[in-house]
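1 is the number of the first residue of the sequence shown in full-length UniProt numbering; add one for each residue after it.
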Amino acid sequence: MPAIDDARAHLTKAREFLEAAQLTNDLQLYNAAASNAVTSGINSKDAICLALTGHTRKSDNHTEAVVELKRAGAAGRDSSATLSRLLKLKSRSQYQASSVSAADATKSIDWAARLLDTAESMTLI
Numbered sequence: 001m002p003a004i005d006d007a008r009a010h011l012t013k014a015r016e017f018l019e020a021a022q023l024t025n026d027l028q029l030y031n032a033a034a035s036n037a038v039t040s041g042i043n044s045k046d047a048i049c050l051a052l053t054g055h056t057r058k059s060d061n062h063t064e065a066v067v068e069l070k071r072a073g074a075a076g077r078d079s080s081a082t083l084s085r086l087l088k089l090k091s092r093s094q095y096q097a098s099s100v101s102a103a104d105a106t107k108s109i110d111w112a113a114r115l116l117d118t119a120e121s122m123t124l125i
């Protein structure tokens, strides 16, 4: 499958997870909202990298994901700080005993939406 098709597939997932984040946030399920926002953001990162460079790396290392986005070009550099902030909520929303606050869940959705907007502009959808 060509890279642009892969980018569009990741974009579809990013939209789906962002919608799930919004719905779970409305239900006051803040950990689920942030977790879905993080997954949306990661898929947006993949779409951006695929659109700009033709490839993306799969890694559980959050720092590598941010660096990859930063190296993808101007749009990636501009989005890398947003991805970094979003990824900082991954462990708390998914693994730790402490929970994500309502405010942080809302921020995560905003950050994921920004990444999605960038991904959409890169994939021309």
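From the three backbone atoms N, C-alpha and C, an ideal C-beta is built for every residue, glycine too.
Please return the same chain residues whose Cβ sits closer than 6 Å to the Cβ of alanine 105, not counting the five positions on each side in sequence. For this step, residue 105 is matched to residue 105 along the sequence shown. Excluding sequence neighbours, alanine 105 sits near Asn25, Tyr30, Ala33, Ala34.
Count the CB pairs spanning the segment 38 to 53 and the segment 61 to 77 that are closer than 8 Å, and state whether there are at least three. With the cut-off at 8 Å, the segment 38 to 53 and the segment 61 to 77 touch.
Could you tell me the distance, in whole angstroms, from the CA atom of aspartate 110 to the CA atom of aspartate 6? One-based indexing of the sequence shown puts residue 110 at position 110. One-based indexing of the sequence shown puts residue 6 at position 6. Between aspartate 110 and aspartate 6, the C-alpha separation is close to 24 Å.
With C-beta atoms as the reference, is arginine 57 less than 7 Å away from threonine 82? As a working note, residue 57 is residue 57 in the sequence shown. As a working note, residue 82 is residue 82 in the sequence shown. Cβ atoms of arginine 57 and threonine 82: not closer than 7 Å.
Could you give the C-beta distance for leucine 18 and leucine 116, rounded to a whole number, given that I count them as a contact under 8 Å? For this step, residue 18 is matched to residue 18 along the sequence shown. For this step, residue 116 is matched to residue 116 along the sequence shown. Yes, they are in contact, since the Cβ atoms of leucine 18 and leucine 116 sit about 6 Å apart, within 8 Å.
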